[in-house]
Amino acid sequence: MEMLLSTKGITICLFFFVLSLAAAIEIPLSVSQLPTITEQSHTQVAYPFDEDFTIKCEARGNPQPTFNWTKDGKPFDLSSDPRIVTSNNSGTFVIQNRGIINNFQGKYRCFASNLLGTAMSEEIELIVPSVPKFPKEKIEPLDVEHGDSVILHCNPPKGIPPLHIYWMNIDLQHIPQDERVSMSLKGDLYFANVEESDSRSDYCCFAAFPRLRTIVQKMPMTLKVSRLKHANDSGSPNAAVTKANFIKERKPKLLIPPESAGSSSSVTVIKGGVLLLECIAEGLPTPHLSWVKVTGNMPKDEPETENFGKILKIDQVTAADEGTYQCTASNAVGRARHEFHVHVEEPPQWLKKPEGGVYSMGANLVLLCEAIGNPEPSIQWKLNGMPIDGRTFRGRVSTREISLTNLQLQDSAVFQCEATNKHGTILASANINVLNIAPLILTPDGENYATVVGYSAFLHCDIFASPAADVRWTKDDSIEPLSAFHYELYKNGTLEIRDTKKEDSGSYACWAANSVGKRAITANLDIRDATKLVVTPKNPRVLKSHSILLKCQAEYDSHLKHSFKLSWRKDGGELPANSTEGGRIILDRDTLFISSVLLEDQGIYKCVASTALDTAEAEAQLIVLDVPDPPEDLQLSENQNRSVRLSWKAGASHNSPVNESIIEFEENHWEPETWQELIRVPGNDTTALLPLAPYVNYQFRVVSVNAVGRSQPSKPSLRYATPPAAPDKNPENIRVEASEPNEMVMKWEPLKPMERNGPGLEYKVSWRQRGVETDWNEELVKKHSLSVRNVPTFVPYEIKVQAVNNLGSGPEPNITIGYSGEDVPDAAPAGVSVEVLNSTLVEVFWVGIPRDRVRGHLRGYKVNWWKTRSMLDGKRHHPEKHFLTFVGERNYGMIPGLEPFSEFRLTVSAFTSRGDGPESSPVVFKTPEGVPEQPRFLRILNFDKDSVTLSWGLPKKANGHLTGYILQYQIINETHEVGAVSNVSVANHSALSWHLAGLSPSTKYKFYIKACTAKGCGKAATEEGLTLAQGTYAGIYEGISTQGWFIGLMCAIALLTLLLLTVCFVRRNKGGKYSVKEKEDLHPDPEAQSIKDEIFGEYSDSDEKPLKGSLQSLNGDIKATGSADSLVDYGEGEHGMFNEDGSFIGAYSGSKEKGSVESTGSSTATFPLHA
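Residue numbers for the sequence shown follow this note's numbering, beginning at 22 and rising by one.
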């Protein structure tokens, strides 16, 4: 068997040393030895409800002891009564309860004997109680007068203590007790003086014996209390002579102790027990009891009393409690006293007990026996349970000592010493074993030990020998005893190897020898690696309600893996291995997970690893961060009209220092129950001087802030009202607004409620025309606006607004310049001219109107134009007006987006915020031809192996006289590679189809068609197609065109195409993109990048998707694509304008006509930037 030892430290060494001393007197049972009592009973009660009663006496010895008993000092034969059951090799016997067992009551003593001597037990008292009963008796009624004293005697039967006595009536209700009526320690009921209300016929005394499970009742007693007393015994009412009852006032008289005891008495109490001194007195009025200690002081300033002051109680009595105590009973008539002389005594206690032991031959023996007690105990020596006869005993015997010299084997004996006084007897035994034997090694041979590096190892070699043996240890094959500081040999033979290392492993031998002989055993020691732990993270800081995971990483010796255990502790307490708090804290072997961390989770978490040999610990301190607790105890001081000092106590910061405190206020007049920030106090200051406004009833609260966040607000302070004052400031943002020309509306921002400073707030408004020497016009208003009519149009005024309340006016106000109401301009711009820049863009020039004709703030100029006829067909158009606005003092502007080859008319007007002024006379201008728009379609009519027939539509707008078409084509494939572009010029401007030959069979082509005017060619329409393979056209076409399946296939393809077109149409209306656009981006028009002469860009095909190179929609930003014209020249439409930097963000608008883009109010479109 391998013994695992991992003890470390001097404390453990001392522990083994003590064990070695105890083991020194433990004689192996294999060695002849005296009897020793190992177990015995003490005082025992034979309860009548028990089935049997066991009296124990067990002893050990070699030879096996035999047992004898005495009862009350006389031999007691266990076989004399059939109710006694005994056991072999045991002194214990059992008395069976068969009814009457009173004859077994007495004091028993057990004797265990063998050839070497006799051991004796302490006395064992067996108490056989009788069933307590009150005697049957007739109790005469007590007839007394009002004011007499009465004693109702209980005289309870004897029984096993404790005894509890109760006085109750027949309904089992307690008799009320007080200073007048009380029960003595013996159970009698005392009346210091009786009253008529004490009359009753059911005074019952109950005696309870809990250990006997018995309650007995005395016969009821009758007490009659009368205020009148008859003069004779005649039964005739006429013979009854009465006299007035008188009050029997008298001084106190002690009933306990009785007067017969004299003025003093003696009381003896056992040390450590409870002292109870009792005084009960009668008298009228009811006496009051008090206690003093005549000699010395009471144990306490206020002595402990019971039973309404009639009992003085002292627990745990000591010698200091000895002395004279006095009780005094007093009333208005007089007083009575009694003294108690208290003596503290104690049962015997050992000072020195005789000690047994193992002695070698020739040794000397001295046994001491000393005891104390009060009275002083007597000492008696016994030898093998019998008194020592000094005449035959070869040693010396005195009261306190026995001595023997030159011990021999026959001197082995059991010596007993008894100390006795009137309070008890104590017994001490000493086994004197005289032996002469060779060493006995009690530790098994070949024991295996193990420990870990750095710990101590203890190799045991328990030895019994007489005479004492010499012990030494050797290692491996060496015969030299181990003697280095590394080793320590204890008296019991144990070898300690301190601070072990790997090289301490090996085989050890223990040798024991004395004069009789010698013995040896071997032991094997293995050294293991120590267990190591690391907890990560080391000292985490985590926010409250966040989560934390602690991991315990362990290293331990592989030989110890089966005994390895891991546990977690928090602040020294064990954390359970299963989930706790509903899964919030989860332990999983080496991990500890805490979700929703609480403040109480803060602490030191320790990971504890244990093996069969060692224990290791590692810890991490978890710090929980949280917002501070709310501040407390807000106090106001240093009260002033405009300030007050606020102080508070900071709440707990929860491991994150307070960075600042926010002081908020609430006032109950303007915005009750609304808290507003007043000031912030940096750091952890807990006081601040608060700036206040007049005429406000404040209350304050404080919010503490740390790195985690804000605390809950504190409880509000008391209210603090500031007195009113004149305004400190005047209204701001003074301005003039007018909706009519001859009106001026002066407006301002009213003072905030906290700026009013007092009641009766009004505004004093002053105004006068600027530059005119006149008095100020003044008016007081309560609103924050004032309207003045019948003023000149658009004239500057000086304006002042001053705050006024019942306590005065605010500071002198500043002067603000404002203008009276505006009107529309009354003049039109002159000198309007137009310069045509290209087919879609013109520049307009004009001369601005005079300043005095504006009649307001000039907002800008509006250019209106409309198309009158087309130059292509001469057809006149219904006027559809468009306009652009040019902000500010402008005299020119660019008009884009015009239709080429058309005639237009144009006017210019000025405008203010009130509206537009008169328009200038119309100017007529014409736009030159432009390039055509894209042909409406391009289709492939017929494909052959080397030719194709194409058809196309006219352009939607020719923008001039068509001169013909340009047809282009190129080879394409699916790898983004394209071939060279071939051009075909179609000079006939009326041609709408073309047969193109010379193509390659089975080849994919892309075709382009553009319409051209004298100005150039427009954008191309495109289509793609695949020529047929050589020799397959006729056969395939003629073979399948008449087949039913082919017709069905074509119908299905047509249906799918229709469905696809529907989806594309829906997507287009939602702003989506077509795949056609993607193809155009993949295969761009080869000439698209070269046509830049007259075209800036294109119109968007939807309101939200501009084509490549075109402008954004009306509300978007315009990005120039290389235009030489400044965008500042462009005006703004009805919903657009130029930014201050000149970027164009508008468009033109007008009334709806055929072919225009329909819109609400005005049509909008993008337009080119480039000629």
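Cβ coordinates follow ideal geometry from the N, Cα and C atoms, glycine included.
Since this is a predicted model, take the numbers as computed values, not measurements.
Q. CB Leu-296 to CB Ala-350, shorter than 7 Å?
A. No, they are not a contact pair.
Cβ neighbour criterion (16 or more within 10 Å) applied to Ser-528: Its Cβ having fewer than 16 others within 10 Å, Ser-528 is exposed.
- Would you check if the stretch 1039 to 1053 and the stretch 955 to 971 touch, i.e. whether three or more CB-CB distances between them fall below 8 Å? With the cut-off at 8 Å, the stretch 955 to 971 and the stretch 1039 to 1053 touch.
Is it buried or exposed for Ala-641, if we count other Cβ within 10 angstroms and need 16 for buried?
Burial state of Ala-641 is buried, judged by a 10 Å Cβ sphere holding 16 or more other Cβ atoms.
- Query: Would a C-beta distance cut-off of 7 Å place Val-363 and Val-288 closer than the cut-off?
  - Reply: Yes.
Cβ-Cβ distance between Glu-940 and Ser-930 below 7 Å: Contact: yes.
Start and end of the beta strand (DSSP E) containing His-362? Where His-362 is concerned, the enclosing beta strand (DSSP E) stretches over 356 to 373.
* Mind the definition here: the stretch 703 to 711 touches the stretch 671 to 691 only if three or more C-beta pairs lie below 8 Å; say whether that holds. => Taking 8 Å as the limit for Cβ pairs, the verdict is that the stretch 671 to 691 does touch the stretch 703 to 711.
key: Where the beta strand (DSSP E) through Cys-573 begins and ends   = For Cys-573, the uninterrupted beta strand (DSSP E) segment begins and ends at 569 to 576.
Phe-585 to Leu-570 span [Cα, whole Å]:
Approximately 22 Å, taken between the alpha carbons.
With a CB to CB cut of under 8 Å and the five nearest residues on each side skipped, what residues in its chain are close to Asn-135? Hits under 8 Å: Leu-55, Pro-56, Gly-82, Asn-83, Pro-84, Gln-85, Pro-86, Thr-87.
Checklist line | Spatial distance of Trp-973 from Val-999 (CA atoms) | finding: Rounded to the nearest whole angstrom, the C-alpha separation of Trp-973 and Val-999 is 23 Å.
message: Since Tyr-719 and Leu-710 should fall inside the 8 Å C-beta cutoff, what is the C-beta to C-beta distance between them, to a whole number of angstroms?
response: Rounded to the nearest angstrom, the Cβ distance from Tyr-719 to Leu-710 is 14 Å, too far for a contact under 8 Å.
Quiz item: So, do the stretch 102 to 113 and the stretch 177 to 190 have three or more beta carbon pairs nearer to each other than 8 Å?
Solution: Too few Cβ pairs lie closer than 8 Å, so no.
Going by C-alpha to C-alpha distance, which of Leu-516, Arg-562, Ala-534 sits closest to Asn-545? Of all alpha-carbon atoms in Leu-516, Arg-562, Ala-534, the one lying nearest the alpha-carbon of Asn-545 is that of Leu-516.
* Would DSSP call Phe-1086 helix, strand or coil? -> Looking at Phe-1086 - three-state DSSP - the assignment turns out to be helix.
task = On the DSSP bridge assignment, give the partners of Thr-139 in chain order.
result = Beta bridge pairing from DSSP links Thr-139 with Ser-134.
Next item on the list: Can you say whether Leu-173 is buried or exposed, counting buried as having 16 or more other CB atoms within 10 angstroms of its CB?
Entry: Around the Cβ of Leu-173, a 10 Å sphere holds 16 or more other Cβ atoms; the residue is buried.
Legend entry - Buried versus exposed, by CB contacts within 10 Å (16 or more), Pro-460: So Pro-460 counts as buried.
| query | Quick one, are the C-beta atoms of Trp-2 and Val-857 less than 7 Å apart? | reply | Outside the modelled stretch of the chain, which goes from 22 to 1192, sits residue 2, for which no answer is possible.
Taking 7 Å as the threshold (C-beta atoms), are Thr-139 and Gly-406 in contact?
Result yes, Cβ atoms of Gly-406 and Thr-139 sit closer than 7 Å.
Kindly list the residues whose CB is nearer than 7 Å to the CB of Thr-984, restricted to its own chain and excluding five residues on each side of it in sequence; keep chain order.
-> Sequence-distant Cβ neighbours of Thr-984 in its own chain, meaning closer than 7 Å and more than five residues away, are His-1010, Cys-1033, Thr-1034, Ala-1035.
### Query
For Glu-799, is the classification buried or exposed, using 16 other Cβ atoms within 10 angstroms of its Cβ as the cut-off for buried?
A residue is called buried once 16 or more other Cβ atoms fall within 10 Å of its Cβ, and Glu-799, having fewer, is exposed.
Inter-residue spacing [alpha-carbon to alpha-carbon] between Gly-112 and Ala-133: Between Gly-112 and Ala-133, the C-alpha separation is close to 8 Å.
DSSP three-state assignment for Ile-836, whether helix, strand or coil | The answer is coil: DSSP assigns Ile-836 none of H, G, I, E or B.
**Request:** Within the same chain, show all residues whose beta-carbon is closer than 7 Å to that of Lys-977, passing over the 5 residues directly before and after it, in chain order.
**Result:** Correct list, in chain order: Glu-954, Arg-957.
Would DSSP call Phe-125 helix, strand or coil?
Helix at Phe-125.
Residue environment, Asn-385, which counts as buried when at least 16 other CB atoms sit within 10 Å: Exposed, because fewer than 16 other Cβ atoms sit within 10 Å of the Cβ of Asn-385.
Looking at C-beta atoms only, is the number of pairs between the stretch 807 to 820 and the stretch 833 to 843 that lie closer than 8 Å three or more? Because the criterion of three Cβ pairs below 8 Å is met, the stretch 807 to 820 and the stretch 833 to 843 touch.
- Query: Which residue or residues does DSSP assign as beta-bridge partners of Pro-408?
  - Reply: Beta-bridge partners of Pro-408 (DSSP): Lys-403.
Worksheet item: Quick one: is Glu-694 buried, meaning 16 or more other Cβ sit within 10 Å of its Cβ, or exposed?
Response: So Glu-694 counts as exposed.
Might you give, ordered along the chain, the residues of its own chain that have their beta carbon closer than 7 Å to the beta carbon of Tyr-913, omitting 5 neighbours on each side?
Non-local beta-carbon contacts of Tyr-913 in its own chain, meaning distances under 7 Å to residues more than five positions away in sequence, involve Glu-864, Val-865, Phe-866, Asp-1150 in chain order.
Between Leu-305 and the ligand FMN, is there a pair consisting of the residue's CB and a ligand heavy atom that are separated by less than 6 Å? Judged by which ligands are present, the structure shown has none, so any question about the ligand FMN falls away.
Quiz item: Can you list the beta strand (DSSP E) stretches of 3 or more residues lying completely in the stretch 853 to 903, in chain order?
Solution: Complete beta strand (DSSP E) runs here, min 3: 863 to 868, 881 to 891.
Just grab the DSSP bridge partners of Leu-297 for me.
-> Lys-334.
Self-check item: Residues bridged to Met-767 (per DSSP)
Solution: DSSP, once it has assigned bridges, lists Val-757, Leu-807 as partnering Met-767.
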